[in-house]
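See below for the structure under consideration.
There are 2 protein chains.
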Amino acid sequence: MLTFSDFPREGEGPVYLRLVRYVRAGVASGAVRDGDELPSRRVVSALLGVNPNTVQRAYRTLEEEGLVVSRSGAKSCVSVTPEALAALRLRLQREELEKTVLALRRSGMDRDEALELFGRLWDEAREVEEGVTEE
Amino acid sequence: MLTFSDFPREGEGPVYLRLVRYVRAGVASGAVRDGDELPSRRVVSALLGVNPNTVQRAYRTLEEEGLVVSRSGAKSCVSVTPEALAALRLRLQREELEKTVLALRRSGMDRDEALELFGRLWDEAREVEEGVTEE
DNA sequence: ATGACTGTATTATATAGCTAATACAGTTCG
DNA sequence: CGAACTGTATTAGCTATATAATACAGTCAT
Numbered sequence: 138m139l140t141f142s143d144f145p146r147e148g149e150g151p152v153y154l155r156l157v158r159y160v161r162a163g164v165a166s167g168a169v170r171d172g173d174e175l176p177s178r179r180v181v182s183a184l185l186g187v188n189p190n191t192v193q194r195a196y197r198t199l200e201e202e203g204l205v206v207s208r209s210g211a212k213s214c215v216s217v218t219p220e221a222l223a224a225l226r227l228r229l230q231r232e233e234l235e236k237t238v239l240a241l242r243r244s245g246m247d248r249d250e251a252l253e254l255f256g257r258l259w260d261e262a263r264e265v266e267e268g269v270t271e272e
Numbered sequence: 138m139l140t141f142s143d144f145p146r147e148g149e150g151p152v153y154l155r156l157v158r159y160v161r162a163g164v165a166s167g168a169v170r171d172g173d174e175l176p177s178r179r180v181v182s183a184l185l186g187v188n189p190n191t192v193q194r195a196y197r198t199l200e201e202e203g204l205v206v207s208r209s210g211a212k213s214c215v216s217v218t219p220e221a222l223a224a225l226r227l228r229l230q231r232e233e234l235e236k237t238v239l240a241l242r243r244s245g246m247d248r249d250e251a252l253e254l255f256g257r258l259w260d261e262a263r264e265v266e267e268g269v270t271e272e
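Structure, rendered in C-alpha cells:
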C-alpha cells in the first residue's frame, strides 16, 4: 500500500497538487497498482500535518481523473486498468506533442535542434521532479 | 509603431500577461523592430478600457526581459538586439516544450519513448505541411 | 447495535494575484 | 516657463485559490 511516508514535507506549489502528482507518479511508475488501497484522508493528513480536507481535495482530483475509486465509508483504492492507462497516455501524448511540434516548426527550428532541446528539457524536468520518481 | 489596435479584447489569463505575449510575439515575428516606439500606458489603457497600471505592469515585465526601454517622462520603445531576439525565440520554444515535457512525464512515458514519438510526429508534420500554418 | 473507523459536504479564513485609484515626478516643445 | 504629455510609486480593493474547522453520513468489525 502507498504509505506517503516518503512524501516530501516541503516543495513547490499547493499541497493538494503535490499529493496528486505523488500518486500519479506512483501509478505511472508501476509502484502503485490497480486495486491498491490508499490510506484514509485522516491518516495522511495527520502524517503531513495538514487538514483532512486538503487530502480530500487531492483524492477527489484523482478520482475525477479516473485514477482513484472511493465508496462513502469504505477505504479508497487506486483504479488502474491497463487499457485505460494506455489509452490515457496515448491521448495526452499525441495532443500535447502535436501542438508543440507545429509551433516549433513554425518558429523555424530544424529537426535535430528540436530533438536535442527536447531531450535536454526532459532531463531538466527529471531533476526538478525529485522525490517522487524513484528508479 | 505598434498600435495594439488588433489586440484581442478577450482572451485567456490576466490582461497584463496577454499584453506581454502580444508584444513578445510581435518582436519574435519581426513585425516590431528595434527602436520602434510604443504607445504610452495611458493610450493603451484607454484603448482597452483597463487601468494604466495594468499596462504599466506589462511594460515593466517586458523591460525586465530587456525587450523594452523606458525613460521616465519620455516614450518607451522596443529594444531588440540580435542576441535578445535569438534568446526570446529560444525562450518561447522552451516554454512550449516545457509544458509538453511535463505532461508527458506525468503520463508516465519514459525518455526514449518520448523522443521516438516526438521524431515521428515531427516527420508527420512535414508530410502534411504544404499549406501555410498561420494564425 | 455499537464504536471506531471511513468518505462527504458546507462554510469560514487566510493569502496571493490582478486590477484600479490616486498622487507624484520627469520630458518635450510651444 | 508652463501645459500637456510622458513614466513611476503607493495604496487599496476585489477575486480566486488553498487550507482549515466543523458537522454529517456510510462501512465494517466486533
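Heads up: the protein sequence lines correspond to chains H and Z, in order.
Sequential numbering from 138 applies to the first sequence in the numbering used here.
Sequential numbering from 138 applies to the second sequence in the numbering used here.
Ideal Cβ placement from N, Cα and C applies to all residues, glycine included.
Note that the coordinates shown come from a computational prediction; the quantities given were computed from them, not determined experimentally.
DSSP bridge partner residues for residue i (one or two, in chain order)
i, result
"H/V215", "H/V205"
"Z/E174", "Z/C214"
Contacts around residue i, its chain only, beta-carbon distance under 7 Å, and the 5 residues preceding and following it disregarded
i, result
"Z/R231", "none"
"H/V164", "L204, V215 and V217"
"H/L184", "F141"
Proximal chain Z residues relative to residue i, where beta-carbon distance stays under 9 Å
i, result
"H/E235", "L258, E261 and A262"
"H/R248", "G256, W259, D260 and R263"
Distance between residue j and residue i (C-alpha atoms, nearest Å)
i, j, result
"H/T191", "Z/V217", "46 Å"
"H/E147", "Z/S142", "46 Å"
"Z/A251", "H/F255", "9 Å"
"Z/E149", "Z/V160", "16 Å"
"H/R263", "H/S207", "31 Å"
"Z/L175", "Z/E253", "44 Å"
"Z/A223", "H/A162", "35 Å"
Within chain H, partners of residue i - CB distance below 8 Å
i, result
"Z/R231", "L254 and L258"
Under 8 Å from the C-beta of residue i: neighbouring residues of chain Z
i, result
"H/A168", "Ordered by position in chain Z, no residue passes the 8 Å Cβ test against H/A168, which lies about 11 Å from the chain."
Contact set between residue i and chain Z, taken where Cβ atoms lie within less than 7 Å
i, result
"H/A251", "W259"
Nonlocal neighbours in the same chain, by C-beta distance under 6 Å from residue i, ignoring five residues either side
i, result
"Z/P189", "R178, R179 and S182"
"Z/L225", "A165"
Beta-carbon contacts of residue i that lie in its chain and below 8 Å, excluding the five residues immediately before and after
i, result
"Z/V269", "With a pLDDT of 34 at Z/V269, under the threshold of 50, the modelled position of that residue is not reliable, and no figure is offered here."
"Z/L199", "V157, V160, R161 and V205"
Checklist entry - Counting Cβ pairs closer than 8 Å, one from the stretch 161-172 of chain Z and one from the stretch 233-241 of chain Z, do we hit at least three? => result no
Item to check | Three-pair Cβ contact test at 8 Å for the stretch 202-218 of chain Z versus the stretch 207-214 of chain H | outcome: no
Checklist entry - Taking one C-beta from the stretch 145-158 of chain H and one from the stretch 190-206 of chain H each time, how about it: are there three or more such pairs within less than 8 Å? => result yes
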